[in-house]
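Read the structure below first, then the notes.
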Amino acid sequence: MTAATSNEYVPPKVWKWDASNGGKFANINRPVAGATHDKALPVGEHPLQLYSLATPNGVKVTIMLEELLAAGVEGAEYDAWFVDIMNGDQFSSGFVEANPNSKIPAMMDHSVSPPQRLFESGSIIHYLAERFGMFIPKSAAGRAECMNWVFWQMGSAPFLGGGFGHFYAYAPEKFEYPINRFALESKRQLDVLNQHLAKNEYLAGEEYSIADMMVWPWYGGLVLGQLYDAAEFLDVQSYTHLVRWAKQIESRPGVQRGAVVNRTWGETYAHLRERHTAADIDAAIGNDSQA
Ligand SMILES: N[C@@H](CCC(=O)N[C@@H](CS)C(=O)NCC(=O)O)C(=O)O
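Counting the sequence shown from 1 gives a position; our numbering is that position plus 104.
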């Protein structure tokens, strides 16, 4: 066995939290769960109350809500409140009651008694699909294939976001080992989608569904050059069928509207901090400079 070189990390016997270890999220990451302060969540006038942010995980849900509204489902009207995760809003007592995991998106459905809490984007989108009977195939085989891709996204995206994205874009230094490991896995995942979409118009087959809404904000965003400034590094243009699908999904009015909600950054989509009525989105889309 060789002795450790001077810059090699030797794990201590028991891990201890070093709050100053750097990286973009160092000031909000903690090794414990639970609330840090007492604050109730705001509640608007619609039955569905969303607490979120326009990250890929948040956008999945606002796309679903806007697609439902575009399809004429009035019961899908919602208030979308801005949760500032860099400021620790996800650790308020109210948010933790809605989501003990302290991550956006979280939702409350006040149309049932007692109000139903919902967390995890996959659980929220599936709940909405079941509740309104839309964007989920009717046949058992179609539903199963749709849910295959919904769960594929839940299991796969952490390698892209928490793995590749973190080490390529957010870590305090560029470390070769994790970047190589997660670039390899991310490219494998892109190829999985590319091969599937070579033979299928949508992820669940011929029908646009919640599977597309789940996967598009991550993998569509990546191949459209919207994530981590990594399009060239991962040679995303080579995944031609995935790019075809990503553009097709992006062109949908419901997707365009959903991408705007709870957004206060970036140049690709308009900005809208909170959404309470359809008119809020209309105004934001008509005025891209609103922040
Ligand atoms: N598996 C979760 C992931 C949610 C998630 O990671 N949310 C991030 C933003 S995209 C968050 O709220 N981070 C705040 C934190 O970690 O404190 C889902 O799909 O809903």
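By construction, the Cβ of each residue, glycine as well, lies at the ideal position given by its N, Cα and C atoms. Note that the structure is predicted; figures quoted are calculated from it, not measured.
Check: Start-end ranges of the beta strand (DSSP E) lying completely within the segment 176-232, minimum 3 residues; Outcome: 182-186, 210-213 and 220-223
Check: Entirely enclosed alpha helix (DSSP H) segments - the segment 279-311, minimum 4 residues; Outcome: 280-303
Check: Proximity winner among A363, H345, P135 and G370, relative to N205 (alpha-carbon distances); Outcome: P135
Check: First and last residue of the uninterrupted alpha helix (DSSP H) at Q360; Outcome: P357 to G362
Check: Start and end residues, alpha helix (DSSP H) containing G352; Outcome: The identity of residue 352 in the sequence shown is Gln, whereas the question assumes Gly. Its alpha helix (DSSP H) spans residues T344 to E354.
Check: Whether I353 touches W320 by CB criterion (7 angstroms); Outcome: yes
Check: Cβ separation of K164 and M258, assumed to be a contact under 8 angstroms, to the nearest whole Å; Outcome: Not really, about 10 angstroms apart at Cβ, beyond 8 angstroms.
Check: Nearest candidate by alpha-carbon position, reference L326, set E371, A315, N125 and Q341; Outcome: Q341
Check: The segment 119-132 / the segment 171-186 touching (three or more Cβ pairs under 8 angstroms); Outcome: no
Check: Three-state secondary structure assigned by DSSP to R247; Outcome: helix
Check: Same chain only: Cβ atoms within 8 angstroms of I229, ignoring 5 sequence neighbours per side; Outcome: K164, V165, M168, V254, I314, M317 and M318
Check: Cβ neighbour criterion (16 or more within 10 Å) applied to L288; Outcome: exposed
Check: Three-state secondary structure (DSSP) of S260; Outcome: helix
Check: Buried versus exposed, by CB contacts within 10 Å (16 or more), A210; Outcome: buried
Check: At least three beta-carbon pairs within less than 8 angstroms, the segment 134-151 to the segment 180-188; Outcome: yes
Check: Buried versus exposed, by CB contacts within 10 Å (16 or more), H272; Outcome: Residue 272 is actually Tyr in this sequence, not His. Y272 comes out buried.
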